[in-house]
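Here the structure is laid out as C-alpha cells; the discussion comes afterwards.
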Amino acid sequence: LSSENRLFERLEVPDPVVERRLLHALDRFDWIITMGTRARRFFAERGVRASCHVISGGLNAVRYFPATETPRADFIFVGRLVPIKRVDLFLDAIRQIANTRPGVSAIVVGDGKELPALQAQVARLGIGTNVQFVGQRADIERWLRDARVFVMTSDSEGLSLALIEAMLCGLPAVVSDVGDLGDLVDDGVNGFLVQERTGAAFATKMMEIIGDDARRAGFARAARSGAERFELSACVRLWDETLAKPATNSKV
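Mapping the sequence shown onto my numbering, position 89 (from 1) lands on 168, and the numbers just tick up by one.
Here it is in C-alpha cells:
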C-alpha cells in the first residue's frame with residue numbers, strides 16, 4: 080500500500096504481506112469510504128468487491144474564504160516537516176526564484192523532526208530573509224489568506240485537506256503530481272501539477288503564477304469555485320446519498 084500514513088512510513092518500503100492482509104480485511108466489508116479516486120482504483124484493480132465511494136472530509140467554507148486585503152507573502156507551505164513532504168524542494172524553489180526576484184517571500188507552517196535540517200538549509204542557501212518558519216498554527220486560515228500561492232512538494236499524498244483549505248481561501252496551487260492531488264488541481268486552470276521532482280521544476284510553475292497577476296486572479300477564482308464541492312454541507316449530502324444506495328459486495 081502507498082500512503083503517507085505515519086505507521087506505514089515506518090515500513091520504509093512497500094510490504095506485500097501487509098498489503099495482502101489489509102486487502103483481505105477490506106474485502107470483508109460491505110462499504111469502503113475513501114477520500115480520493117486513486118485509492119478506489121487501487122482497491123478495484125486488486126479485486127476488492129465492497130462498495131467503494133469517494134467522499135472527502137468536509138470543510139467550513141465560512142471559515143475558509145479569500146483574503147480581503149493584499150497578501151503579505153508570495154508562497155506558503157503547510158504540513159508536517161517530515162521527509163515525505165519534501166520541504167527541501169520548496170526551499171530550493173524559493174532559492175531559484177530569489178535569483179530573479181530577490182524580494183520573494185515564503186511562509187512555512189508546521190512542525191516536525193526535519194525543522195533543524197530545513198533551517199540549516201535556509202541558512203546554507205542564503206534565503207533567511209525570504210523564508211519564515213511559523214510553527215504549528217491553529218488559525219491556519221489567517222496564514223493562508225496572507226499568501227498568494229499554495230505549494231505542496233510531497234512525494235506522496237492522499238486527498239489533502241490542507242490543499243482544500245488553501246483553495247477555499249482562493250489560493251492557486253503548485254503541487255506534486257502524486258496521489259489524489261489531481262482530484263483537486265486542474266492543471267493550468269486553478270494551479271499546476273508538477274511531475275519532475277526538482278526545485279527548478281517547482282520554481283518554473285510558481286513563477287508562472289506569481290509573475291502574472293491576471294492569470295493568478297483567474298486561478299484564484301477557479302480554486303475557490305472548485306473547492307466548494309468539499310464544503311461541509313455538500314459532503315453531508317454525499318454521505319446521505321451514498322448510504323442510501325445498496326451495498327454490492329457479492330459476499331454479503
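Backbone N, C-alpha and C fix where the C-beta goes; we use that ideal spot for every residue, glycine too.
Consult DSSP for Asp259 and reduce its assignment to one of helix, strand or coil.
-> Note: Asp259 maps to coil in three-state DSSP.
Using 10 angstroms around the beta-carbon of Glu275, count the other beta-carbons present and answer buried if the total reaches 16, otherwise exposed.
-> exposed
Take Val331 and list the residues in its own chain whose beta-carbon comes closer than 8 Å to its own, dropping the five residues that flank it on each side.
-> Bear in mind that the predicted position of Val331 carries a pLDDT of just 40, short of 50, making it unreliable; the figure below should be weighed with that in mind. Answer for Val331: Asp109, listed in chain order.
One or two residues paired with Val273 in a DSSP bridge = Ser255
Beta-carbon separation (whole angstroms), Gly115 vs Asp259, contact threshold 8 Å | Between Asp259 and Gly115 the Cβ distance is about 3 Å, and since that is below 8 Å, they are a contact.
Lys284: buried (16+ other C-beta within 10 angstroms of its C-beta) or exposed?
-> Flag for Lys284 reads buried.
State the Cα-Cα distance for the pair Gly278 and Arg174, rounded to the nearest angstrom.
-> Approximately 9 Å, taken between the alpha carbons.
Boundaries of the alpha helix (DSSP H) in which Met231 is found, first to last residue | Premise fails: Met231 lies in the beta strand (DSSP E), 226-231, not in any alpha helix (DSSP H).
Of the listed residues Ala129, Leu105, Phe144, nearest to Ser304 (C-alpha basis) | Phe144
Exposed unless 16 or more other CB atoms sit within 10 angstroms - verdict on Gly237 | buried
Is the CB-CB distance between Phe376 and Val230 below 8 Å?
-> This structure gives no information on residue 376, because the portion of the chain shown stretches from 80 to 331.
Which value, in whole angstroms, describes the spacing of the CA atoms of Arg294 and Phe212?
-> 28 Å
Quick one: residues in its chain with C-beta nearer than 6 Å to the C-beta of Arg224, no 5 flanking neighbours on either side, listed in chain order?
-> Ala146, Cys248
Boundaries of the beta strand (DSSP E) in which Phe281 is found, first to last residue = From DSSP, Phe281 is part of no beta strand (DSSP E) but of the alpha helix (DSSP H) over 278-289.
Going by CA-CA distance only, name the one from Ala129, Val210, Arg159, His103 that's closest to Ala152.
-> Val210
Whose C-alpha, out of Val157, Leu250, Pro162, Arg316, is nearest the C-alpha of Asp218?
-> Val157
Count the other CB atoms within 10 Å of the CB of Glu193; is the residue buried (16 or more) or exposed (fewer)?
-> buried
Under a Cβ-count criterion, where at least 16 other Cβ atoms within 10 Å of its own Cβ denotes burial, should Asp262 be classed as buried or exposed?
-> buried
Going by Cα to Cα distance, which pick from Asp190, Arg142, Phe271 is closest to Pro162?
-> Asp190
Apply the 10 Å Cβ neighbour rule to Ser329 and answer buried if 16 or more other Cβ atoms are within range, or exposed otherwise.
-> Because Ser329 sits at a pLDDT of 46, beneath the cut-off of 50, its placement in the model cannot be relied upon, and the point is left open.
Member of Val141, Phe298, Arg107 whose CA lies at the smallest distance from the CA of Leu250 = Ranking Val141, Phe298, Arg107 by Cα distance to Leu250 puts Phe298 first.
Straight-line gap, Leu102 to Val96 (C-alpha atoms, nearest Å) = 10 Å
Tell whether a beta-carbon distance below 8 Å holds between Leu240 and Leu197.
-> In this structure, Leu240 keeps its C-beta atom at 8 Å or more from the C-beta atom of Leu197.
Helix, strand or coil for Asp46, going by three-state DSSP, please let me know.
-> This structure gives no information on residue 46, because the portion of the chain shown stretches from 80 to 331.
Starting from Cys314, follow the alpha helix (DSSP H) in both directions and report where the run begins and ends.
-> Segment 311-322, the alpha helix (DSSP H) holding Cys314.
Tell whether a beta-carbon distance below 8 Å holds between Val254 and Gly267.
-> Gly267 is positioned such that its CB atom lies no closer than 8 Å to that of Val254.
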